[in-house]
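In this note's numbering, the protein residues as written are 80 to 391. All residues carry an ideal CB built from backbone N, CA and C; glycine is no exception. All of these numbers come straight from a predicted model, not from anything done at the bench.
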């Protein structure tokens with residue numbers, strides 16, 4: 080199996096450990112709960128279980144145009160106050176004026192946040208025609224600059240999209256996502272987390288293309304547990320990233336839930352092992368606010384520390 084080209088020496092963000100020192104990084108992504116029942120499950124079960132696994136960080140999503148602003152901040156604040164895990168606050172810039180973004184960032188900083196994931200974001204759902212805010216930002220690279228202008232000591236990550244690069248792409252230098260990633264790096268971003276993918280070749284091809292256009296950021300693969308075929312199909316609809324037929328066929332062939340989860344766990348562990356063998360600095364798991372499948376994947380791949388960091 081091919082490996083990705085090694086980036087030039089660089090100082091990784093403080094929560095990211097160099098694989099030659101302490102081993103691959105492990106991180107989880109959460110989204111703000113949308114109902115009282117979902118909130119109770121998040122506070123009582125999911126967050127304590129994920130924090131106990133001692134991840135390098137927990138990132139919390141931020142709805143389109145800030146639609147989940149208050150609940151996102153509540154989750155981030157809980158992580159900061161009740162665990163020893165570093166929270167990473169997502170922040171999107173579409174639809175918001177600069178002054179509002181600065182105010183939101185100041186609120187997170189007041190809560191003890193020192194790490195952000197700077198995202199362009201999507202227009203509100205259902206919007207056919209959309210006009211950017213006249214006093215707002217157009218690109219994630221501008222948001223990176225705004226955050227670092229507020230405090231140069233901040234850790235700022237960004238997003239990367241392996242699915243943008245087709246297997247037969249003629250020239251990586253013309254890929255809009257890669258050029259945007261280079262701009263985010265030039266603005267001061269310290270690392271990138273990829274959109275979900277399902278084949279190791281998607282990652283290695285993208286990293287090789289990124290290196291070819293001068294991107295030397297650590298590129299952390301974003302992965303999802305492969306245990307629930309219904310969730311995978313829904314994810315395909317939302318993200319536009321096709322789930323390989325072999326994965327869905329293997330899951331659908333198991334009528335017993337325990338056997339289906341075991342099959343998905345085996346395939347997920349194979350992908351984690353493959354990206355790490357190819358040179359990935361760690362893994363970022365999209366949890367869907369469910370801890371068991373992600374924790375089982377860490378156990379299967381040996382990435383879960385023997386002694387977790389307990390909640391405070």
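Asked, Found
"Would you kindly work out how many angstroms separate the C-alpha atoms of residue 315 and residue 113, rounded to a whole number?", "21 Å"
"Work out the CA separation of residue 333 and residue 58 for me, nearest whole Å.", "In the structure as shown, the chain starts at 80 and stops at 391, and residue 58 therefore has no counterpart that could be examined."
"Grab me the residues of residue 217's own chain with a C-beta within less than 7 Å of its C-beta, minus the 5 sequence neighbours each way, in chain order.", "211"
"Helix, strand or coil for residue 382, going by three-state DSSP, please let me know.", "coil"
"Tell me whether the stretch 268 to 281 and the stretch 319 to 328 touch, counting them as touching only if at least three CB pairs, one residue from each stretch, are closer than 8 Å.", "yes"
"Exposed or buried, which one is residue 214 when buried takes at least 16 other CB atoms within 10 Å?", "exposed"
"Less than 7 Å between C-beta atoms, sequence neighbours within five positions excluded: which residues of the same chain meet that for residue 266?", "220, 223, 224"
"Counting only the same chain and skipping the five closest in sequence on each side, list residues whose C-beta sits under 8 Å from that of residue 374.", "128, 129, 132, 383"
"CB-CB under 6 Å to residue 156, same chain, minus the five flanking residues each way: which ones, in chain order?", "190"
"Which of the three DSSP states is assigned to residue 276 in this structure?", "coil"
"Could you give the distance in angstroms between the alpha-carbon of residue 242 and the alpha-carbon of residue 342?", "25 Å"
"Mapping the DSSP letters down to three states, classify residue 255 as helix, strand or coil.", "helix"
"Can you name, in chain order, every residue of its own chain whose Cβ lies under 6 Å from the Cβ of residue 195, other than the five neighbours on each side?", "168, 170, 226, 235"
"Taking residue 296 as the reference, give the member of 350, 357, 262 with the closest Cα.", "262"
"I'd like the span of the beta strand (DSSP E) that includes residue 362, first residue to last.", "361 to 365"
"Whole angstroms is fine: what's the gap from residue 299's alpha carbon to residue 335's?", "33 Å"
"What is the DSSP secondary structure of residue 134, counted as helix, strand or coil?", "coil"
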